[in-house]
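Asker: The structure follows.
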C-alpha cells in the first residue's frame with residue numbers, strides 16, 4: 001500500500017515537473033550542445049556547414065586581435081566594476097546601518113536603479129559622459145566646469161584604451177551598488193548587537209570592531225556579491241551597446257559574438273565565443289551552486 | 300524576529316530580506332551627521348541621471364541646448380515627451396503585450412515547480428533543481444544561435460510569441476527558485492495532515508499552497524515583469540522592427556543621428572517609467588526577488 005502510494009505520488013510530481021524539465025533540457029542543455037557542435041564546425045555564411053573543424057575556431061580566437069582586446073577589456077571592466085560596486089555598496093551599507101535619520105529614503109534611492117533597464121542607463125549616461133568640448137561641452141564635464149572643477153573634466157569612455165572601458169564601469173556601479181548594499185545590509189543586520197557591545201567593552205575601537213568583527217562576518221555576503229557581480233561583468237552587453245553603439249575600443253566578447261554571428265554570419269566563430277563565455281561563467285558559478293546546495297542539504 | 304537566524308536557515312524560511320525593520324529610530328549623533336553628509340552626496344550621484352532625463356524632457360524645444368543642459372526648464376512643457384511617445388508608443392505597447400503574458404506564464408510554471416521541489420521531493424529532485432538553477436547564470440550568447448534557429452523554425456516571422464516563449468523558458472530557473480524557497484516556509488506538518496485527511500497532490504496545491512501563495516506570486520510577477528521589460532538581447536535577435544519592445548526601439552533612437560538628444564532623454568524616461576512605478580509602489584516585493592537571485596547570502 002505505502003509502496004504503491006509512494007510510487008503514485010512520485011509519478012504525479014514527476015509528470016507535473018516534466019514540462020519544465022523538457023523545456024530546460026532543450027533550451028539550456030540541448031542548445032549548449034548545439035552551440036558546441038557549431039563551434040567545432042566550419043559554418044561561415046548563411047548556409048550551415050557542419051564540417052568538423054576540431055578546436056580550430058577556439059585556437060584562432062586566441063590569436064585574434066579583436067578577441068584579445070575583448071579579453072583585456074573584460075578584465076579591466078570587471079576589476080573596476082566589482083571593486084567599485086563592492087566598495088560603494090559596503091560603504092553605503094555601513095553608513096545606513098548606523099541608523100541614520102531618513103534611512104528608508106536613502107535605501108530606496110540607492111536601490112531604484114536596479115529597476116531600470118541597462119539600455120535606459122546607457123542612454124542617460126551617454127549624455128552625462130559626453131566627451132564634447134568647447135561649444136559642445138556638456139554633461140558631467142559641463143557640471144565640473146560650472147563648479148570650477150576643471151581638473152575633473154574627462155574624455156570618459158572615449159579615453160585611450162584600456163581606460164575607456166574602465167569608465168563604462170561607472171554607470172554599471174551606479175546601477176548595481178544598491179544590490180551589494182542590500183546584501184551587506186542584510187549581513188550587517190544579522191550581526192547581534194551584543195557581539196559588537198562585547199568587543200567595545202573589551203576595549204576595541206570603532207575601527208577595530210569593523211575590522212575584526214563585522215567585516216569577517218560579512219564574508220558570506222561578500223562571496224555572493226563577488227559571484228553575482230563577477231558573472232554579470234563577464235556577460236556585460238546591453239550597457240555598452242546603449243552607451244557607445246559598436247565602438248570597437250569598448251568591445252567585449254558578448255558584443256563580438258553578437259556582431260560576428262548576426263552581422264558577419266560567422267556562426268562557427270560566434271558559437272566559439274559563446275562557449276568561451278559559458279566556460280568563464282561556469283568556472284565561477286558551478287562551485288558556488290554546488291556549495292549552496294550542499295550547505296542547504298546539511299541542514 | 301529578535302534572534303538572527305544563520306543565513307541558510309533564514310533562506311529556507313524565505314525571510315523577506317530583513318532590511319525594512321530598523322530596530323531603533325534614527326539618532327542625531329555627530330557620527331551620524333557625517334554619515335548623512337556622505338549619504339546625501341551619494342544621493343546626488345544616484346539621482347543625477349534621472350534629474351537629467353526629467354530636466355531635459357520637460358524643456359520646450361527652444362530651450363534645449365547642450366551648453367544649457369543643467370539650466371532648469373522655464374516651465375513645464377511636454378514637447379519632448381510627445382515626440383518620444385510618437386516614436387516609442389507602439390513599442391511601449393509591444394513591451395506590455397510581451398511582459399505581462401510572459402511574466403504570468405512563467406510564474407505559473409514556477410509555482411508548480413516550486414511546490415514539487417519543496418513539498419514532493421523525490422530522489423534526484425535536488426539535482427534537477429540545481430540543473431535548473433544553472434540556467435539562470437548562463438551567458439545567453441552560448442545558446443543564442445540555436446535559439447534563433449529554433450524560434451525561426453517553430454514561430455517564424457519575428458513576432459512577440461517567439462520572444463514570449465524564450466522569456467518563459469529562461470524564466471523557469473528564477474521563478475522555480477523563488478517559489479521553492481517560498482513554499483519551504485509552509486510547514487511540512489500542514490501538508491502531512493492534509494494528506495492524512497485524504498488530500499492529494501492537486502488538492503494540497505489547490506487548497507493549501509495556492510491560497511497562501513499570493514505574496515509569492517507578487518514577488519515573482521514583479522520580478523519577471525521588470526526583467527522582461529528591461530531585457531534587450533533576446534528582443535533584438537528574435538523580433539523584427541514592428542514587434543520591437545521599447546528597449547530595442549530606445550537603443551535605436553539613441554543611435555540615430557536624426558533624433559535630438561532631448562527626445563532621447565524623454566524616451567529613456569518613458570521606457571523606464573513602468574518598472575520605476577512598479578518599484579515605487581511595490582518595492583518590497585521587488586527586493587525579495589532581487590535577493591533570491593543571490594541565492595540568499
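Chains as they are written, first to last, in my numbering: chain X, 1 to 299; chain A, 300 to 596. Think of the CB as a built atom: it goes at the ideal place given N, C-alpha and C, for glycine as much as any other residue.
1) Taking C-alpha atoms, which residue in X:160, X:212 and X:143 lies nearest to residue 152 of chain X?
2) I need the boundaries of the alpha helix (DSSP H) containing residue 68 of chain X, first residue and last residue.
3) Helix, strand or coil for residue 335 of chain A per DSSP?
4) In or out: residue 580 of chain A buried (at least 16 other Cβ within 10 Å) or exposed?
5) Kindly list the residues whose CB is nearer than 6 Å to the CB of residue 70 of chain X, restricted to its own chain and excluding five residues on each side of it in sequence; keep chain order.
6) Can you give, in chain order, each stretch of the alpha helix (DSSP H) that sits fully within the region 432 to 459 of chain A and has at least 4 residues?
7) Looking at chain X, is there any beta carbon in it that lies within less than 8 Å of the beta carbon of residue 584 of chain A?
8) Name the residue from A:490, A:344 and A:402 whose alpha carbon lies nearest to the alpha carbon of residue 525 of chain A.
9) Pairs of beta-carbons, one from the region 440 to 450 of chain A and one from the region 498 to 512 of chain A, closer than 8 Å: are there three or more?
10) Beta-carbon separation of residue 331 of chain A and residue 98 of chain X under 8 Å?
11) Where in the region 208 to 238 of chain X do unbroken runs of the beta strand (DSSP E), each at least 3 residues long, occur, reported from the N-terminal end onward?
12) Taking Cβ positions only, does residue 238 of chain X come closer than 8 Å to chain A?
13) Ignoring anything shorter than 4 residues, give me the alpha helix (DSSP H) runs that lie fully in the region 97 to 133 of chain X, in order along the chain.
14) Using the Cα positions of residue 241 of chain X and residue 81 of chain X, report the straight-line distance between them to the nearest angstrom.
15) Indicate the three-state DSSP secondary structure (helix, strand or coil) for residue 162 of chain X in the structure shown.
16) Check whether the Cβ of residue 47 of chain X lies closer than 8 Å to any Cβ atom in chain A.
17) Does any residue of chain X bring its CB to less than 8 Å from the CB of residue 377 of chain A?
18) Which residues in the same chain have their Cβ closer than 7 Å to the Cβ of residue 518 of chain A, if we skip the five residues on either side of it in sequence?
19) With distances taken from CA atoms, which of X:234, X:271 and X:267 is nearest residue 285 of chain X?
20) Exposed or buried, residue 343 of chain A, counting other C-beta atoms within 10 Å across all chains shown (16 or more means buried)?
21) Please work out which residues of its chain come closer than 7 Å, Cβ to Cβ, to residue 76 of chain X, disregarding the five sequence neighbours upstream and downstream, and give them in chain order.
22) CB-CB under 6 Å to residue 249 of chain X, same chain, minus the five flanking residues each way: which ones, in chain order?
23) Can you tell me the Cα-Cα spacing of residue 341 of chain A and residue 170 of chain X, whole angstroms?
24) Give the residues from the region 553 to 565 of chain A that approach chain X closer than 9 Å (Cβ to any Cβ), ordered along the chain.
25) Hey, residue 300 of chain X and residue 268 of chain X are a contact pair by Cβ (cut 8 Å); roughly how many whole angstroms apart?
26) Closest Cβ-Cβ distance between residue 78 of chain X and chain A: below 8 Å?
27) Please name the residue in A:407, A:395, A:347 and A:383 whose C-alpha comes closest to that of residue 360 of chain A.
28) Excluding the 5 residues preceding and the 5 following residue 156 of chain X in the sequence, name in chain order all residues of the same chain whose CB lies nearer than 7 Å to its CB.
29) Measuring only between beta-carbons, confirm whether residue 150 of chain X sits less than 8 Å from chain A.
30) Taking the Cβ atom as the reference point for each residue, do residue 462 of chain A and residue 538 of chain A lie within a distance shorter than 8 Å?
31) If you reduce the DSSP assignment to three classes, tell me which class residue 474 of chain A lands in.
32) Under the three-state reduction of DSSP, which class applies to residue 52 of chain X: helix, strand or coil?
33) What residues from chain A crowd round residue 269 of chain X, counting only those whose CB sits closer than 7 Å?
34) Return the residue from the list X:189, X:193, X:110 and X:136 that minimises the CA-CA distance to residue 339 of chain A.
35) Which residues in chain A have a C-beta closer than 7 Å to the C-beta of residue 281 of chain X? List them in chain order.
Answerer: On the basis of the data shown:
1) Nearest neighbour of residue 152 of chain X by Cα position, chosen from X:160, X:212 and X:143, turns out to be X:143.
2) Counting along the chain, the unbroken alpha helix (DSSP H) around residue 68 of chain X starts and ends at 65 to 97.
3) Residue 335 of chain A: helix per DSSP, three-state reduction.
4) It is exposed - the Cβ of residue 580 of chain A has fewer than 16 other Cβ atoms within 10 Å.
5) These residues qualify, in order along the chain: 251, 252, 253 and 256.
6) Runs of the alpha helix (DSSP H) inside the region 432 to 459 of chain A: 443 to 453.
7) Not one chain X Cβ lies under 8 Å of residue 584 of chain A.
8) Closest by alpha carbon: A:402.
9) The answer is no - the region 498 to 512 of chain A does not touch the region 440 to 450 of chain A, with fewer than three Cβ pairs under 8 Å.
10) With respect to the 8 Å criterion, residue 331 of chain A and residue 98 of chain X are classified as neighbours on the basis of their beta carbons.
11) With a minimum length of 3 residues, no continuous beta strand (DSSP E) run stays inside the region 208 to 238 of chain X.
12) Taking Cβ atoms only, chain A reaches closer than 8 Å to residue 238 of chain X, which makes this a yes.
13) Counting whole runs of 4 or more residues, the region 97 to 133 of chain X contains the alpha helix (DSSP H) stretches 103 to 111 and 118 to 128.
14) Rounded to the nearest angstrom, the gap between the Cα atoms of residue 241 of chain X and residue 81 of chain X is 17 Å.
15) The DSSP-derived three-state label of residue 162 of chain X is coil.
16) By this cut-off, residue 47 of chain X is not an interface position.
17) With 8 Å as the cut-off, residue 377 of chain A does not count as an interface residue toward chain X.
18) Residues of the same chain with a CB within less than 7 Å of the CB of residue 518 of chain A, apart from the 5 flanking positions on each side, are 477, 584, 587 and 588 in chain order.
19) Of the candidates X:234, X:271 and X:267, the residue whose Cα lies closest to the Cα of residue 285 of chain X is X:234.
20) Under this definition residue 343 of chain A is an exposed residue.
21) Cβ neighbours of residue 76 of chain X beyond the five flanking positions: 162, 165 and 166.
22) So the qualifying residues of the chain are 161 and 164.
23) Near 13 Å, if we compare the C-alpha coordinates of residue 170 of chain X and residue 341 of chain A.
24) Of all residues in the region 553 to 565 of chain A, only 553, 554, 560, 563 and 564 come within less than 9 Å of chain X when Cβ atoms are compared, listed by chain position.
25) In the structure displayed, chain X extends from 1 to 299; residue 300 of chain X sits before or after that span and is not available.
26) Any Cβ of chain A closer than 8 Å to the Cβ of residue 78 of chain X would place that residue at the interface, and such an atom is absent.
27) Minimum Cα distance to residue 360 of chain A is reached at A:383.
28) Cβ contact annotation for residue 156 of chain X (same chain, cutoff 7 Å, sequence separation greater than five): 129, 131 and 167, in chain order.
29) Taking 8 Å as the threshold, the shortest C-beta distance from residue 150 of chain X to chain A does not fall below it.
30) In this structure, the beta-carbon distance from residue 462 of chain A to residue 538 of chain A falls below 8 Å.
31) The answer is helix: DSSP assigns residue 474 of chain A an H, G or I state.
32) In the structure shown, residue 52 of chain X falls within a coil segment according to DSSP collapsed to helix, strand and coil.
33) The premise fails here: residue 269 of chain X is roughly 11 Å from chain A at the closest Cβ pair, so nothing lies under 7 Å.
34) In this structure, X:110 is the residue among X:189, X:193, X:110 and X:136 with its C-alpha nearest to the C-alpha of residue 339 of chain A.
35) The contacting residues are 436, 437 and 438.
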